[in-house]
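Trainee:
Number of protein chains: 2
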Amino acid sequence: MAVTDAARGGTATAIAILKQRFGERVQTGEAIRRQHANTVTWLPNEPPDAVVWPTSTDDVREIVELARTHRVPIVPFGAGTSLEGHVNAPYGGLSIDFAQMDNILTVNERDLDCVVQPGVSRRKLNDYLRDLGLFFPVDPGAEEATIGGMAATRASGTTAVRYGTMRENVLNITAVMADGSLVRTAQRARKSSAGYDLTRLMVGSEGTLGVITELTVRLYGIPEVTLAAVCPFVTIEGACNSVIQAIQLGLGLARMELLDEVQVHAINVHSKLGLEERPMLFLEFHGTEVGARDQVKLFEEIARSEGAIRFDWAEKEEDRRRLWKARHDAYWAAKTTWPGRNGIATDVCVPISRLAECVLETQEDIKRSGIVAPIVGHVGDGNFHSTPMVDPDNPKDIEAVKGFLERLAARALAMEGTCTGEHGVGQGKRKYLKAEHGAGVSVMRSIKAALDPLNIMNPGKTIPDL
Amino acid sequence: MAVTDAARGGTATAIAILKQRFGERVQTGEAIRRQHANTVTWLPNEPPDAVVWPTSTDDVREIVELARTHRVPIVPFGAGTSLEGHVNAPYGGLSIDFAQMDNILTVNERDLDCVVQPGVSRRKLNDYLRDLGLFFPVDPGAEEATIGGMAATRASGTTAVRYGTMRENVLNITAVMADGSLVRTAQRARKSSAGYDLTRLMVGSEGTLGVITELTVRLYGIPEVTLAAVCPFVTIEGACNSVIQAIQLGLGLARMELLDEVQVHAINVHSKLGLEERPMLFLEFHGTEVGARDQVKLFEEIARSEGAIRFDWAEKEEDRRRLWKARHDAYWAAKTTWPGRNGIATDVCVPISRLAECVLETQEDIKRSGIVAPIVGHVGDGNFHSTPMVDPDNPKDIEAVKGFLERLAARALAMEGTCTGEHGVGQGKRKYLKAEHGAGVSVMRSIKAALDPLNIMNPGKTIPDL
């Protein structure tokens, strides 16, 4: 599915036309182009030929039309916080930066939904919603991540166990498809059985099927009470078993984050916390005054029977914020703790019954490989991250990490899991897709070919080459 | 996308080969063929040419291979409880009846999921799960509905507001695709961002993309406490407003069913209940002892401020069962109350803020049209059913109902809703799809053509003809 050099010949023409049309909203300087390519992984930076800033759906339609006419690849760009090379431009082309399409268009309080442009960040959206007593729950960790980018990569994060991922929280998407048509994937009703689920087809398609220009997402009332706790365990199994039982009981915990000893150590170093360096759960309970305290009580009973050492409650909002900031800073904590090294964030997801086993085998593998790699996970979903800290000047270290990443993906697949729970495929994980999906990859390829026969929509991503 | 007569020439050959291979598991008697076509709507009965009962995925692969070779349409058949002509065979062909593929293959208690064959009914599954303290929540009303059929039609029902629809509760699907390949759409992990969401593509595709041969679905722990109540209101707006506020507060009500006066009357006649004939909510609360009672208390406060006349609690399981049986018998209640008439069950779904308005306008329309049509709705989702009771010997009545159905779909679309919240498209609602999806219909058509170029998979369903 490679874009041929001949096809790329149109790029210069397309950029010239774009400049006439969009003026300063088209840029071709190297620094800007490099900023719009991948930065957070060890994948090479592959800059686009130009960056363009649309301000409307009509602008996007014009850009797609031009790209189609001149066979120029298109790479949608939100905040650039994705981790698997989604925004790289291996075949050049146009990066479409949604920074100027960041309006919150409508909030429907009674329906608990809102209509936004794709460039709105989750921080901006939640700042706006706070006074209405509402919030948008999906929390991938990067506050600047945009709603459009989160939908495109099927992001999730710490609250997915209670509120779902982008899969459950996008009600509809308006997108410019490769043929230039404007599609709104669904109405604003909560559910529908009217035809193929185009919303879910677009969520997670990583810009390879169309360019998102508007979304309706679900909102929730800010809970009456939010309680948070830190809970160290004797073993990782104990932590996982506690969570399994809590889910079976139907306790609606909003966040259940597992940190291994190495990650706790890094957080202590970075955030100056005095946490016990053991396997640990960071917990958050949402509910009514009575309901949330009841959950807490039940969870504490379960956890103590599974080897919880103690509960440290953070009832005050500032303590809670400090806790979750420490959790969200996990990556930076590792950077502080192992200075000079680059963190290669990866993730897998397995059925929760296999989580403890998968984490323990992974810790063993880390030790055997002689690398450093803290682990933190969304334990309620069976999803965890490992972030090998690589010395970029040490080829042996790099090789060791590469082997580790391959084994981690294979381990997850062998446990009926997935090579990525939430980071997406991008460029980095295309090589695992055949092992995970078998003949399903052909189905994906057929859909891609049917909807984007010229392969101009983020080529080189998601679907492995034949 | 019509199957040509020439293409149908192979049917006789295919049936002859099938008989050699499957013996008594292929039947061509007219009665059996008619039973496998549509019965519950006023759509004409269009029987298949033969019915075949596979017992394994390999059997299904053989059947699909044969159908492909001889260009014979395939119509998957679960329990035949769908309402929009999904199992009709307008181009003849083979009905694949999954009655002999009804095994529960694995229950993963710790993961809260299970692997089943498509012919398992929801009743059988829940009977099996009860002793494990687990349940499968999706409840479309028909106890004999099969899990395969429910996935194919994206079924939901009374519990969707708390537990989601089949969209949220299917973890993966194994299907034989039109090209004969066997695809497993996902692993067993709770979430994944590895490629296009083939699970959600298959859920709701109504057999037009492939034949489901196995599914993994989510389970839940049976709640510690279940409380039910009946709550009559002065107005429909009051009932809807109560539900909106309860959802904003995050009360996890498991069921919130709205019945209009006409439906309550029919239930009184049929189930010999003495319910006040007013707009009414049937409610169910799931939770821990403390949590559920707290929800009840908060809901009661809200409801009283919105004109609830009183709360009748059904704490005993037998009372609760009687209540929900009465709700599930809504269709039969109407049949009893208006004998000699056929009920034409239809459904639409709108944003919940528009629900009261949509129901009231629909009631007005019913009066103006001079027809009888009770209304019952899954109010938490904005989804409601209207079931015109048609005198089959009165052409004027039939015409009046046809006009009513068209206006109901148009009304829902005008309120940003969908022409069907849970019944599906089948044959009956194809005509509304263009109005609902616009250019999205072309996307669906491209996907269908790419994955089933011979159009053998349930032709004449879901996607409107060009």
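Just so you know, the sequences run in chain order A and B.
Adding 1 to a residue's 1-based position in the first sequence gives its number in this note's numbering.
Adding 1 to a residue's 1-based position in the second sequence gives its number in this note's numbering.
Glycine is no exception: its CB is placed at the ideal position from the N, C-alpha and C atoms.
Skipping 5 residues on each side, what residues in its chain have a beta carbon closer than 6 angstroms to that of B/ILE310?
Mentor: The residue given as residue 310 of chain B occupies position 309 in the second sequence. Excluding positions up to five away in sequence, the list reads PRO233.
Trainee: Indicate whether at least one CB of chain A lies closer than 7 angstroms to the CB of B/TYR332.
Mentor: If you number the second sequence from 1, residue 332 of chain B lands on position 331. It does not; no Cβ of chain A falls within 7 angstroms.
Trainee: Which two residues bound the contiguous beta strand (DSSP E) that contains A/HIS379?
Mentor: Numbered from its first residue, the first sequence carries residue 379 of chain A at position 378. Per DSSP, A/HIS379 belongs to the beta strand (DSSP E) from 376-379.
Trainee: Should B/LYS432 be flagged as near chain A, meaning a C-beta pair shorter than 7 angstroms?
Mentor: Taking the first residue of the second sequence as position 1, residue 432 of chain B is located at position 431. With 7 angstroms as the cut-off, B/LYS432 does not count as an interface residue toward chain A.
Trainee: So the beta strand (DSSP E) B/VAL184 belongs to, where does it begin and stop?
Mentor: By 1-based counting over the second sequence, the position of residue 184 of chain B is 183. Looking at the DSSP string, the run of the beta strand (DSSP E) that includes B/VAL184 is 183-185.
Trainee: Start and end of the alpha helix (DSSP H) containing B/PRO396?
Mentor: Looking up residue 396 of chain B in the second sequence gives position 395. Per DSSP, B/PRO396 belongs to the alpha helix (DSSP H) from 396-415.
Trainee: Quick one: measure Cβ to Cβ for B/GLY142 and B/ARG62, integer angstroms, because I've assumed they're closer than 8 angstroms.
Mentor: On the second sequence, residue 142 of chain B is found 141 positions in, with the first residue counted as 1. On the second sequence, residue 62 of chain B is found 61 positions in, with the first residue counted as 1. Between B/ARG62 and B/GLY142 the Cβ distance is about 33 angstroms, and since that is not below 8 angstroms, they are no contact.
Trainee: Alpha carbon to alpha carbon, how far is B/GLN364 from A/GLU423? Give it in angstroms, no decimals.
Mentor: To locate residue 423 of chain A, count along the first sequence from 1; it is residue 422. To locate residue 364 of chain B, count along the second sequence from 1; it is residue 363. So the alpha carbons of these two residues sit roughly 46 angstroms apart.
Trainee: Note the first and the last residue of the continuous alpha helix (DSSP H) segment covering A/CYS470.
Mentor: There is simply no residue 470 of chain A to check, as chain A begins at 2 and stops at 467 in what is shown.
Trainee: Within the continuous beta strand (DSSP E) that includes A/ASN173, where are the two ends?
Mentor: As a working note, residue 173 of chain A is residue 172 in the first sequence. 171-178 is the extent of the beta strand (DSSP E) around A/ASN173.
Trainee: Identify the continuous beta strand (DSSP E) that holds B/VAL117 and give its terminal residues.
Mentor: Position 116 of the second sequence holds residue 117 of chain B. 114-117 is the extent of the beta strand (DSSP E) around B/VAL117.
Trainee: When the Cα atoms are used, what is the spatial distance from B/ALA334 to B/ILE268?
Mentor: Against the second sequence, residue 334 of chain B aligns to sequence position 333. Against the second sequence, residue 268 of chain B aligns to sequence position 267. Between B/ALA334 and B/ILE268, the C-alpha separation is close to 5 angstroms.
Trainee: Between the beta-carbon of A/LYS192 and the beta-carbon of B/SER57, is there less than 7 angstroms?
Mentor: Taking the first residue of the first sequence as position 1, residue 192 of chain A is located at position 191. Taking the first residue of the second sequence as position 1, residue 57 of chain B is located at position 56. No, the Cβ-Cβ distance between A/LYS192 and B/SER57 is not below 7 angstroms.
Trainee: Using C-beta distances below 8 angstroms, list every residue in its chain close to A/THR337, excluding the 5 sequence neighbours before and after it, in chain order.
Mentor: Locating residue 337 of chain A in the first sequence gives position 336, where the first residue counts as 1. Only ALA267, VAL270 and HIS271 meet the Cβ criterion.
Trainee: Here's the rule I'm using: 16 or more other beta-carbon atoms within 10 Å means buried, otherwise exposed. How should A/GLY427 be labelled?
Mentor: Start at 1 with the first residue of the first sequence, and residue 427 of chain A comes out as number 426. Burial call: buried.
Trainee: Measure the alpha-carbon distance for A/ALA255 versus B/GLY79 and round it to whole angstroms.
Mentor: For the purposes of this step, residue 255 of chain A is taken as residue 254 along the first sequence, with counting starting at 1. For the purposes of this step, residue 79 of chain B is taken as residue 78 along the second sequence, with counting starting at 1. Cα to Cα, the separation comes out at about 37 angstroms.
Trainee: Going by DSSP in three states, B/PHE385 sits in which element: helix, strand or coil?
Mentor: The residue given as residue 385 of chain B occupies position 384 in the second sequence. Here B/PHE385 sits in strand by DSSP.
Trainee: Taking just the CA atoms, how far does B/VAL171 sit from A/TYR221?
Mentor: Mapped onto the first sequence, residue 221 of chain A falls at position 220. Mapped onto the second sequence, residue 171 of chain B falls at position 170. Each residue's alpha carbon lies about 24 angstroms from the other.
Trainee: State the DSSP-derived secondary structure class of B/MET257, mapped to helix, strand or coil.
Mentor: Numbered from its first residue, the second sequence carries residue 257 of chain B at position 256. Correct three-state label for B/MET257: strand.
Trainee: Identify the contact partners of B/VAL204 in chain A, using a Cβ-Cβ distance below 8 angstroms as the criterion.
Mentor: Along the second sequence, one-based indexing puts residue 204 of chain B at 203. Correct list: ASP198.
Trainee: Measure the CB-CB distance between A/GLY418 and A/CYS350 and report whether it falls below 7 angstroms.
Mentor: Counting from one through the first sequence, the residue named residue 418 of chain A turns up at place 417. Counting from one through the first sequence, the residue named residue 350 of chain A turns up at place 349. In contact: A/GLY418 and A/CYS350 (Cβ atoms closer than 7 angstroms).
Trainee: Who are the Cβ neighbours of A/THR82 in its own chain at under 6 angstroms, not counting the five residues just before and after it?
Mentor: Residue 82 of chain A sits at position 81 when you count from the first residue of the first sequence. Around A/THR82: ALA143 and ALA146.
Trainee: Quick one: what's A/SER96 bridged to in DSSP?
Mentor: Taking the first sequence and counting its residues from 1, one reaches residue 96 of chain A at position 95. Paired residue(s): A/VAL52 and A/VAL76.
Trainee: Anyone know if the C-beta pair for A/THR12 and A/ASP59 falls short of 7 angstroms?
Mentor: Against the first sequence, residue 12 of chain A aligns to sequence position 11. Against the first sequence, residue 59 of chain A aligns to sequence position 58. Against a cut-off of 7 angstroms, the Cβ pair of A/ASP59 and A/THR12 comes out as no contact.
Trainee: Whose C-alpha, out of A/GLU85, A/ALA17, A/PRO396 and A/ALA68, is nearest the C-alpha of A/ALA38?
Mentor: Taking the first residue of the first sequence as 1, we reach residue 38 of chain A at position 37. That would be A/GLU85, whose Cα lies nearest to the Cα of A/ALA38.
Trainee: According to DSSP, B/ALA230 sits in a beta bridge with which residue or residues?
Mentor: In the second sequence, counting from the first residue as 1, residue 230 of chain B sits at position 229. DSSP lists B/LEU284 and B/TRP314 as partners of B/ALA230.
Trainee: If you run the structure through DSSP and keep just helix, strand and coil, what is A/TYR221?
Mentor: Working through the first sequence from its first residue, we reach residue 221 of chain A at position 220. Correct three-state label for A/TYR221: strand.
Trainee: Going along chain B in order, which residues have a C-beta closer than 8 angstroms to the C-beta of A/TYR221?
Mentor: Taking the first sequence and counting its residues from 1, one reaches residue 221 of chain A at position 220. By Cβ distance, chain B contributes GLY251.
Trainee: Along the chain, where does the alpha helix (DSSP H) that runs through B/ILE18 open and close?
Mentor: The residue given as residue 18 of chain B occupies position 17 in the second sequence. Looking at the DSSP string, the run of the alpha helix (DSSP H) that includes B/ILE18 is 12-23.
Trainee: For B/ALA413, which of A/ALA187, A/VAL27 and A/GLY30 has the nearest alpha-carbon?
Mentor: Sequence index remark: in the second sequence, residue 413 of chain B carries index 412 (1-based). For B/ALA413, the nearest C-alpha among the options comes from A/ALA187.
Trainee: Within its chain, find whatever has a CB closer than 6 angstroms to the CB of A/ALA240; leave out the 5 residues flanking it on each side and keep chain order.
Mentor: To locate residue 240 of chain A, count along the first sequence from 1; it is residue 239. Excluding residues within five positions, the ones whose Cβ falls inside 6 angstroms are PHE234, LEU259, PRO280 and LEU282.
Trainee: Just the Cα atoms here: how many angstroms apart are A/PHE312 and A/GLU301?
Mentor: Along the first sequence, one-based indexing puts residue 312 of chain A at 311. Along the first sequence, one-based indexing puts residue 301 of chain A at 300. Those two C-alpha atoms are separated by around 8 angstroms.
Trainee: Quick one: is A/ARG431 buried, meaning 16 or more other Cβ sit within 10 Å of its Cβ, or exposed?
Mentor: By one-based count along the first sequence, residue 431 of chain A stands at place 430. Buried, since its Cβ has 16 or more Cβ neighbours within 10 Å.
Trainee: Between the region 174-201 of chain A and chain B, which residues of the former have a C-beta closer than 9 angstroms to a C-beta of the latter?
Mentor: Here the close residues are MET178, ASP180, SER182, LEU183, VAL184, ARG185, THR186, ALA187, GLN188, ARG189, ALA190, ARG191, LYS192, SER193, SER194, ALA195, GLY196, TYR197, ASP198, LEU199, THR200 and ARG201.
Trainee: Cβ of B/ARG155 less than 7 angstroms from any chain A Cβ?
Mentor: Here residue 155 of chain B corresponds to residue number 154 of the second sequence, with the count starting at 1. Interface residue, yes.
Trainee: According to DSSP, is B/GLY239 helix, strand or coil?
Mentor: For the purposes of this step, residue 239 of chain B is taken as residue 238 along the second sequence, with counting starting at 1. Three-state result, B/GLY239: helix.
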